[in-house]
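Number of protein chains: 2
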Amino acid sequence: LAELVRKHPRRFPAFVASLPMNDPAGLLKEARRAVRDLGAVGVQVFTNVLGRPLTAPETMPLFDLMARLDLPIWLHPARGAETPDYPGEKRSHYEIWWTLGWPYETSVAMAHIVFAGLFDKYPDLKIITHHMGGMIPYFEGRVGPGWDQLGTRTSDVDYTKLLRKLKKRPLEYFKMFYADTALMGAWEATKCGLNFFGPERVLFASDSPFDPEKGSMYPRTTIEIIERLDVSPEERHAIYEGNARRLLKLP
Amino acid sequence: LAELVRKHPRRFPAFVASLPMNDPAGLLKEARRAVRDLGAVGVQVFTNVLGRPLTAPETMPLFDLMARLDLPIWLHPARGAETPDYPGEKRSHYEIWWTLGWPYETSVAMAHIVFAGLFDKYPDLKIITHHMGGMIPYFEGRVGPGWDQLGTRTSDVDYTKLLRKLKKRPLEYFKMFYADTALMGAWEATKCGLNFFGPERVLFASDSPFDPEKGSMYPRTTIEIIERLDVSPEERHAIYEGNARRLLKLP
Numbered sequence: 001l002a003e004l005v006r007k008h009p010r011r012f013p014a015f016v017a018s019l020p021m022n023d024p025a026g027l028l029k030e031a032r033r034a035v036r037d038l039g040a041v042g043v044q045v046f047t048n049v050l051g052r053p054l055t056a057p058e059t060m061p062l063f064d065l066m067a068r069l070d071l072p073i074w075l076h077p078a079r080g081a082e083t084p085d086y087p088g089e090k091r092s093h094y095e096i097w098w099t100l101g102w103p104y105e106t107s108v109a110m111a112h113i114v115f116a117g118l119f120d121k122y123p124d125l126k127i128i129t130h131h132m133g134g135m136i137p138y139f140e141g142r143v144g145p146g147w148d149q150l151g152t153r154t155s156d157v158d159y160t161k162l163l164r165k166l167k168k169r170p171l172e173y174f175k176m177f178y179a180d181t182a183l184m185g186a187w188e189a190t191k192c193g194l195n196f197f198g199p200e201r202v203l204f205a206s207d208s209p210f211d212p213e214k215g216s217m218y219p220r221t222t223i224e225i226i227e228r229l230d231v232s233p234e235e236r237h238a239i240y241e242g243n244a245r246r247l248l249k250l251p
Numbered sequence: 252l253a254e255l256v257r258k259h260p261r262r263f264p265a266f267v268a269s270l271p272m273n274d275p276a277g278l279l280k281e282a283r284r285a286v287r288d289l290g291a292v293g294v295q296v297f298t299n300v301l302g303r304p305l306t307a308p309e310t311m312p313l314f315d316l317m318a319r320l321d322l323p324i325w326l327h328p329a330r331g332a333e334t335p336d337y338p339g340e341k342r343s344h345y346e347i348w349w350t351l352g353w354p355y356e357t358s359v360a361m362a363h364i365v366f367a368g369l370f371d372k373y374p375d376l377k378i379i380t381h382h383m384g385g386m387i388p389y390f391e392g393r394v395g396p397g398w399d400q401l402g403t404r405t406s407d408v409d410y411t412k413l414l415r416k417l418k419k420r421p422l423e424y425f426k427m428f429y430a431d432t433a434l435m436g437a438w439e440a441t442k443c444g445l446n447f448f449g450p451e452r453v454l455f456a457s458d459s460p461f462d463p464e465k466g467s468m469y470p471r472t473t474i475e476i477i478e479r480l481d482v483s484p485e486e487r488h489a490i491y492e493g494n495a496r497r498l499l500k501l502p
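Those protein sequence lines, which keep their order, are chains A and B.
All residue numbers for the first sequence refer to my numbering, where the first residue is 1 and numbers rise by one.
All residue numbers for the second sequence refer to my numbering, where the first residue is 252 and numbers rise by one.
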């Protein structure tokens with residue numbers, strides 16, 4: 001990827017590195033190498049590491065490193081048919097693992113990051129969530145007044161202590177994530193997500209080429225939506241490229 | 252409940268019955284008894300039966316019965332901390348099972364109902380989903396063009412056959428559900444859900460008393476939202492009570 005960017009800088013202005021999350025020592029070395037030696041402008045990780053949360057002690061140092069480097073982490077959902085939707089079944093049916101399971105994965109990873117206190121430790125940590133923040137904007141009410149009552153539904157762990165330790169309401173931390181516009185042409189959802197994160201935290205993405213036209217449909221419908229949004233020209237420009245330039249430190 | 256309705260008809264105009272889904276034979280008997288003998292105007296079931304989908308052969312006859320009776324089925328999510336969010340963990344943390352797991356449960360149950368072909372069999376089947384249709388409206392793009400490609404992500408089952416057997420696009424079936432307004436004060440999400448299902452399929456609900464004020468907050472914030480919606484007076488009336496009167500056959 002570094003070579004591609006060197007050779008075709010006008011077509012590929014930058015790249016982000018994929019990391020070996022299953023190898024905690026190698027992970028940090030590779031992240032440093034990708035950023036310092038190869039010029040990566042961020043990293044992408046999946047929403048779980050071998051079926052465990054990203055905030056497990058082994059992979060936690062990645063967040064420290066990326067906060068120090070002040071470069072973003074892209075969060076991509078990972079789940080397959082082998083994760084059943086019902087405990088009584090062996091596998092997920094009808095590709096539910098993809099349609100619904102991926103946004104669920106993203107949302108669960110976001111919750112672990114929030115409740116691990118990462119945004120209190122690193123208020124400027126930049127994490128870009130796929131599909132406009134997973135389920136979080138639509139369930140703003142559950143995340144807001146619902147999670148304000150964290151602990152009232154649990155008897156064997158005292159979550160009220162955790163709630164008191166956090167400096168803000170849980171909802172406020174969820175607004176500290178960044179989100180992309182890859183909602184596959186969903187107009188109302190795009191407005192809902194944009195309202196939740198604000199135009200300075202939403203970045204253009206289309207999920208091309210995974211559309212029925214094999215690549216042309218999602219960019220077209222996503223651009224149509226962004227053109228229709230009730231935002232200022234500056235905000236529209238920020239969504240298309242300004243936010244990316246700022247986060248990735250591109251000229 | 253039947254007695255309560257008889258005694259206080261102005262306060263409790265009707266009731267719906269809870270059913271023993273773990274007892275397939277008793278289930279049908281009890282549904283018939285509740286509706287015919289006791290006057291129930293519908294039934295409520297949970298989104299899974301002992302960890303299996305509602306569309307398993309044992310419980311499928313309930314849909315036949317309710318379609319014949321032409322009365323609604325309320326779908327309530329069911330999941331607890333014992334359902335882990337990561338395969339590598341023993342349980343769900345931070346009450347994720349509630350905040351995110353419940354809408355996921357609702358969405359998964361909706362998908363099983365759609366792909367079991369229930370709406371082709373019973374186009375007038377009335378199923379009322381909690382929390383404004385779970386994740387479906389926000390992920391209209393994944394449910395739409397995403398599920399139009401059902402089968403392309405799976406090699407061991409031929410889902411393209413299933414897709415051809417359905418009379419409509421998957422997305423169109425998801426719009427045949429009804430949804431309630433219990434979004435705990437989420438304004439943008441309410442607009443998104445209303446736009447998806449349409450004002451003739453959205454019913455007032457508040458989730459009272461599970462709010463931080465122990466009952467007064469969610470009705471108040473939900474009513475504030477419905478008052479602000481850009482709908483006609485007739486549509487607003489339908490959301491508040493007209494749709495319920497129609498579905499429940501109340502005077």
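Glycine residues also receive a C-beta, built at the ideal position from the N, C-alpha and C atoms.
Computed from a predicted model, the values in this text were never measured in an experiment.
Query, Result
"Which same chain residues end up closer than 6 Å to Phe455 of chain B when comparing Cβ atoms and leaving out the 5 residues on each side of it in sequence?", "Thr432, Ile490 and Tyr491"
"Between the Cα of Gly449 of chain B and the Cα atoms of B:Glu486, B:Tyr410 and B:Ser269, which residue gives the shortest distance?", "B:Glu486"
"Can you find a C-beta in chain B that's less than 8 Å from the C-beta of Gly117 of chain A?", "no"
"Taking 8 Å as the cut-off, decide whether the C-beta atoms of Ser107 of chain A and Gly101 of chain A are in contact.", "no"
"Quick check: the region 414-425 of chain B against the region 209-218 of chain A, are at least 3 beta-carbon pairs closer than 8 Å?", "no"
"Under 9 Å, CB to CB, which of the residues in the region 387-411 of chain B have a partner in chain A?", "Ile387, Pro388, Tyr389, Phe390, Glu391, Gly392, Arg393, Val394, Gly395, Pro396, Gly397, Trp398, Asp399, Gln400, Leu401, Gly402, Thr403, Arg404, Thr405, Asp407, Val408 and Tyr410"
"If we count the other Cβ atoms within 10 Å of its Cβ and call it buried at 16 or more, is Thr411 of chain B buried or exposed?", "exposed"
"Please report the Cβ distance between Leu326 of chain B and Ile387 of chain B, rounded to the nearest whole angstrom; I am assuming they are in contact, meaning their Cβ atoms lie under 8 Å.", "Going by Cβ atoms, the distance from Leu326 of chain B to Ile387 of chain B rounds to 12 Å, so no, they are not a contact pair."
"Quickly, what does DSSP pair Leu203 of chain A with across the bridge? List them, please.", "A:Asp180"
"Under a CB-based cut-off of 8 Å, is Tyr429 of chain B close to chain A?", "no"
"How about Tyr218 of chain A and Asp230 of chain A: are their beta carbons less than 8 Å apart?", "no"
"Taking the continuous alpha helix (DSSP H) assigned at Ile379 of chain B, which residues delimit it?", "Taken as a continuous stretch (DSSP letters only), Ile379 of chain B belongs to no alpha helix (DSSP H), being part of the beta strand (DSSP E) at Ile378 to Thr380."
"Going along the chain, which residues of its own chain have a beta-carbon closer than 7 Å to the beta-carbon of Thr83 of chain A, five neighbours each way excluded?", "Ser92, Trp97 and Gly101"
"Run the CB neighbour count on Lys418 of chain B, radius 10 Å, all protein chains shown included, and call it buried at 16 or more, exposed below.", "exposed"
"Restricting to Cα atoms, I'd like to know which of A:Pro24, A:Ser232 and A:Phe63 is closest to His112 of chain A.", "A:Phe63"
"Can you name the residues of chain A whose CB is closer than 8 Å to the CB of Met272 of chain B?", "What Met272 of chain B touches in chain A: nothing, since even the nearest Cβ is about 13 Å away."
"Would the beta-carbon of Glu391 of chain B fall within 8 Å of that of Ala186 of chain A?", "yes"
"Report yes if the CB atom of Ala430 of chain B is closer than 8 Å to the CB atom of Thr154 of chain A, and no otherwise.", "no"
"Please tell me whether Trp325 of chain B has its Cβ less than 8 Å away from any Cβ of chain A.", "no"
"Mind checking if Arg6 of chain A is an interface residue toward chain B, Cβ cutoff 8 Å exclusive?", "no"
"Consider the Cβ of Asp99 of chain A: report whether some Cβ of chain B lies at a distance smaller than 8 Å.", "The sequence shown places Thr at residue 99 of chain A, not Asp. Closer than 8 Å to some Cβ of chain B, the Cβ of Thr99 of chain A qualifies, so yes."
"Between B:Ala276, B:Asp321 and B:Val292, which has its C-alpha nearest Pro312 of chain B's C-alpha?", "B:Ala276"
"Per DSSP, what kind of secondary structure is Phe46 of chain A in: helix, strand or coil?", "strand"
"Among the candidates B:Ala307, B:Tyr355 and B:Asp336, whose CA atom is the shortest distance from the CA of Glu89 of chain A?", "B:Ala307"
"Per DSSP, which one or two residues make a beta bridge with Ala282 of chain B?", "According to DSSP, Ala282 of chain B bridges with nothing at all."
"Please check if any C-beta of chain B sits within less than 8 Å of the C-beta of Ala186 of chain A.", "yes"
"Throw me the rounded Cβ distance for the Gly402 of chain B and Pro354 of chain B pair, which I believe falls under 8 Å.", "The Cβ separation is near 26 Å, so there is no contact."
"Please classify Lys126 of chain A as buried or exposed, where buried requires at least 16 other C-beta atoms within 10 Å of its C-beta.", "buried"
"How many Å lie between Val286 of chain B and Asp371 of chain B at the Cα?", "25 Å"
"Please report the Cβ distance between Pro338 of chain B and Gly51 of chain A, rounded to the nearest whole angstrom; I am assuming they are in contact, meaning their Cβ atoms lie under 8 Å.", "4 Å"
"Per DSSP, Leu326 of chain B is paired with what?", "B:Val296 and B:Thr380"
"Can you find the residues in the same chain that come closer than 6 Å, C-beta to C-beta, to Leu255 of chain B, ignoring five residues on each side of it along the sequence?", "Phe263"
"Starting from Ser269 of chain B, follow its DSSP beta bridges and name the residues at the other end.", "B:Gln295"
"List the residues of chain A whose Cβ lies closer than 9 Å to the Cβ of Glu340 of chain B, in chain order.", "Gly51, Arg52 and Pro53"
"Please report how far the alpha carbon of Pro374 of chain B lies from the alpha carbon of Leu499 of chain B, in whole angstroms.", "17 Å"
"In this structure, does DSSP put Arg91 of chain A in helix, strand or coil?", "coil"
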